[in-house]
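Have a look at the structure below, then the notes.
Numbering (the UniProt record's numbering), first residue to last: 1 to 953.
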């Protein structure tokens, strides 16, 4: 019996230690040791990942920390000999994950950050899995030993020890059950591999389809016309979605106010998830690039990686992809699943089930092909483009197949919005518990969270939703249950109250109503609820009703079905049908203010059959705590142009779930300065203690002599370079700036990239130089390019700029030595564009791009920070620091476009005397600030730059 005690306790006591102990160790137990056992035992129950931390791995180095020793590998698998800073990055990343910390990692672009993340994080994951397997074997042996002890005939002291021993046995069984899940996952992966081999013969269907396509191309014209006609009919099937839709499907069915009814719609038991890494970045192109790096890494052949994306990126059904707006794509996709015999989740997603006979449905949403395709995704790493191509070949939906692959995936690659928005995260089946989250390009993480959870509704949307819901109620009044009618009446009341807030009236088109005053006011959530007379409405119950009854989706189907039918609305002088609203919402919605002219027309369009779902998002935002957000009421001349917006002020409230549930969070980027903002506004406010935060910043891989950086205080004639708002339009200053660029063009080879604070200022400067002849002088040495206003022309301008630079560098003929590109901070070329080598031999930053201090939203944010956070070490208010940080983060992103690899070299000119101030220069990246030279005279810059390029040639 004493042996049994020791055997069980050995397991428990070994959990927090770095040295493994065998099951046969005998320990002398004191009272204090007994308490240690209980503490250790709880750790086993609450966090199984702690168990896997025990033991040691070969070729590891023990790193001492305040928490103890962490066995960090001395070498990491890498496709080539890593730089010292890459090895250091991987070691610190491994340590951060192992200790369950929150890491802020800064590694300049060009230092192999993505590859370091891949190799460091996946090495930890593989080690974790090996420890799990070793622990499973050990637990099996222990279980056998316990069973043997029970059959020895020894009698327990039932009075004092039975309860204690029984609890230990039960808890041990729980741990073993968790390990059994791991074993099942391994067997399932093996089955997937054998299944996929057995179904290779099905791929012959793809070959036949390719042969069919080639036959069609060589067929007669009549056959091609007939074939194309059939294809067109298939592509237009979304126009017939409601033909088989009867009124029964449009009538809401709601019986209970219980909030847990939201969970009752799930039929299938959720699949167990393996421990995984979630990697997210800003754009789909960045995610695809990351996956390609994974494929090239040592882990590319055996890692189960899945890429998530929107329907715009992954849908292969022509009936959906031909639609321009994402909202319309989502709605049509869900409508195409109406003929499936499976209940919907509250999110609107449906599980893959067999479809009903008859009706129009998606030919790619079929269970067997999607199951096969999901298996293929788990066994073969593919980027977004490859997934789409493979989905077409397999005749299976990539959008849903990738989601079904999440539970068994080891690395999930996804965009920001999918991870940071809770309802989206849950709809995709993403589980964070005990997993690792890595957020790349995280320099704008706070702003991203704020934008994702800030919701704006317009007067036209409110009036449209009110009219449609009124018509819906009138048509189905006699067939709706009393509770449904009650909730519909409450929603109509809410919509009418919101319309009144912008001086509107229901029943009259917004274009025919004028507001009393044109103004923008910012108020608290509670004040808004009080003024709009919604303070007595239980918004939580309304939102539960909307989710359970799916009223917005039914209203959308109603609007579509009766788009050609006139349905009278009571209490209106003019009778109006849903068709009028559908016609109205397909037109471009012109916003009254702040619509950048450079946004393509198709991006300005917002097509919604029914805007009620969007309004639900606004109502959900109103349930935030009063101190965490504000309401911006923007009244324009017309009610249809007026709007109200929920502005999130505290991003930590939506980040708390993530840092609380995951094992570790890593936020990484090339330029993460200023880091204090992350720590205070995001992590500390989310409940993260300072000791859990780990910071890491490395230098660049380039030698120090490959970079020159200058903060320039005066121009060629000695005039101070003061680009403050009061002075920046001074014609003499603009001429001085032009002369500085002319001089730079004389001595800099290749390409120069010049950043301006805004599009307006760039236009002002360009016009002045055009009149003064400065552009002609610049053009003698550099061909001039400008950042286009429309996104569709960016690639074309970059291509022409690249060709011009390369042509002039390779050829010494002619007077031009390259090109100069005028860009805008925060524009399309300030992030995600590489100006490596000759494309960016000099980066010029004109002025400091401070945001508009008179913006009501910015002023409210600054006031919020001043009220909730302490002053910094220099005594400055948090709002002022935030104002400066917005500017410097934009500067750091722009000047980081140069120096993209170890052999690259460039010069950075910061043209403004304010760059010499300590509070500004201290917020530059370390690898730039340490070589920053403060030049009081422009002549010093010219001579130093000339010598710099002379040495490089």
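Using N, Cα and C, we set each Cβ at its ideal position, and we do this for glycine too.
What are the residues that DSSP puts in a beta bridge with residue i?
i: residue 632; result: 522 and 645
i: residue 695; result: 104
i: residue 389; result: Per DSSP, none; premise fails for residue 389.
i: residue 906; result: 707
i: residue 932; result: 709
i: residue 750; result: 818
i: residue 786; result: 822
i: residue 280; result: 414 and 439
i: residue 529; result: None, per the DSSP bridge assignment.
i: residue 307; result: 413
i: residue 638; result: 514
i: residue 845; result: 755 and 910
Would residue i pass as a contact of residue j if the rule is Cβ separation under 8 Å?
i: residue 966; j: residue 559; result: Outside the shown range of the chain (1 to 953) lies residue 966, about which nothing can therefore be said.
i: residue 896; j: residue 671; result: yes
i: residue 877; j: residue 866; result: yes
i: residue 632; j: residue 857; result: yes
i: residue 738; j: residue 769; result: yes
i: residue 280; j: residue 439; result: yes
i: residue 843; j: residue 928; result: no
i: residue 315; j: residue 336; result: no
i: residue 120; j: residue 904; result: no
i: residue 659; j: residue 686; result: yes
i: residue 854; j: residue 654; result: no
i: residue 954; j: residue 715; result: Nothing can be reported for residue 954, as the shown portion of the chain is limited to 1 through 953.
i: residue 369; j: residue 405; result: no
i: residue 881; j: residue 723; result: no
i: residue 720; j: residue 729; result: no
i: residue 748; j: residue 499; result: no
i: residue 709; j: residue 932; result: yes
i: residue 890; j: residue 849; result: yes
i: residue 648; j: residue 629; result: yes
i: residue 634; j: residue 524; result: no
i: residue 441; j: residue 311; result: no
Along the beta strand (DSSP E) that carries residue i, what are the first and last residues, could you check?
i: residue 887; result: Run containing residue 887: none in the beta strand (DSSP E); it sits in the alpha helix (DSSP H), 878 to 895.
i: residue 664; result: 664 to 669
i: residue 455; result: 455 to 458
Within the continuous alpha helix (DSSP H) that includes residue i, where are the two ends?
i: residue 920; result: 918 to 921
i: residue 546; result: 539 to 549
i: residue 501; result: 482 to 501
i: residue 778; result: 774 to 781
i: residue 451; result: 445 to 452
i: residue 614; result: 612 to 621
i: residue 858; result: 856 to 868
Whole runs of the beta strand (DSSP E) within the region 705 to 730, excluding any shorter than 3 residues: 707 to 712
3-residue-minimum beta strand (DSSP E) runs that sit fully inside the region 83 to 129, ordered along the chain: 102 to 106
Complete runs of the alpha helix (DSSP H) confined to the region 793 to 841 [at least 4 residues]: 794 to 810
Three or more C-beta pairs below 8 Å linking the region 635 to 642 and the region 503 to 513: yes
Cβ contact check for the region 478 to 493 and the region 439 to 449: 3 or more pairs under 8 Å: Contact fails: fewer than three Cβ-Cβ distances are below 8 Å.
Any 3 or more C-beta pairs closer than 8 Å across the region 914 to 922 and the region 465 to 483: no
The region 737 to 749 touching the region 776 to 783, judged by at least three CB pairs closer than 8 Å: yes
contact_flag[the region 98 to 106, the region 682 to 699] where n(CB pairs < 8 Å) is 3 or more: yes
Sufficient close CB pairs (3 or more, under 8 Å) joining the region 411 to 430 to the region 449 to 457: yes
At least 3 beta-carbon pairs within less than 8 Å: the region 362 to 377 vs the region 295 to 302: no
Meets three-Cβ-pair contact criterion under 8 Å: the region 505 to 520 and the region 540 to 549: no
The region 452 to 462 contacting the region 641 to 651, beta-carbon criterion three pairs below 8 Å: yes
Segment contact flag, the region 799 to 806 with the region 726 to 736, C-beta cutoff 8 Å, min 3 pairs: no
The region 94 to 102 / the region 659 to 669 touching (three or more Cβ pairs under 8 Å): yes
Segment contact flag, the region 118 to 133 with the region 80 to 100, C-beta cutoff 8 Å, min 3 pairs: Verdict: yes, contact present.
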